[in-house]
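One structure below.
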């Protein structure tokens, strides 16, 4: 009686095709139950492996953490005050040089001509150049967002 109860319970969980096989013979049932069990296990494994795709800002944050180390929070706050995390943003300055601030850290074209346009608009390169310009995250005076306190709301 116990075997019959388990068979009926399994039948309720499986597709109608499986139910037909149970009624016909008992041997195919075992095979089909094992196949369904394996399929369920594979599906559960697939769910465990899947990770959400990180957003662009999450990728930026990870890169800043990697490059700046312990100084990453201040660097991230300065970057957010400068560009709000927009990689390809520019700002035309009204100075005598008509310089352009470029990329995440708004690296100035006049003061840093050694930073190419391609580098300025590349997330990783811009962050590395900001690290260099800020002397390893120790000098943020060249950044407007730091000098005027705009970075504080991002800490």
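Numbering (the working numbering), first residue to last: 1136 to 1290. Built from N, CA and C at the ideal position, the CB exists for glycine as well.
Original post:
Looking only at C-alpha atoms, which of 1191, 1249, 1256 sits nearest to residue 1267?
Top reply: 1249
Original post:
By Cβ distance, which residues of its chain are closer than 6 Å to residue 1213, with the 5 residues on each side in sequence left out?
Top reply: 1275, 1278, 1280, 1281, 1286
**OP:** Measure the C-alpha to C-alpha separation of residue 1241 and residue 1219 and round it to an integer number of angstroms.
**Re:** 10 Å
**OP:** For residue 1255, I'd like the list of residues in its chain whose CB is within less than 7 Å of its CB, leaving aside the five on either flank, ordered along the chain.
**Re:** 1237, 1238, 1242, 1261.
Subject >> Contact check, residue 1206 vs residue 1272, beta carbons under 8 Å >> reply: Yes, the pair counts as a contact, with Cβ atoms nearer than the cut-off.
**OP:** Go ahead and pull the three-state DSSP assignment for residue 1237.
**Re:** strand
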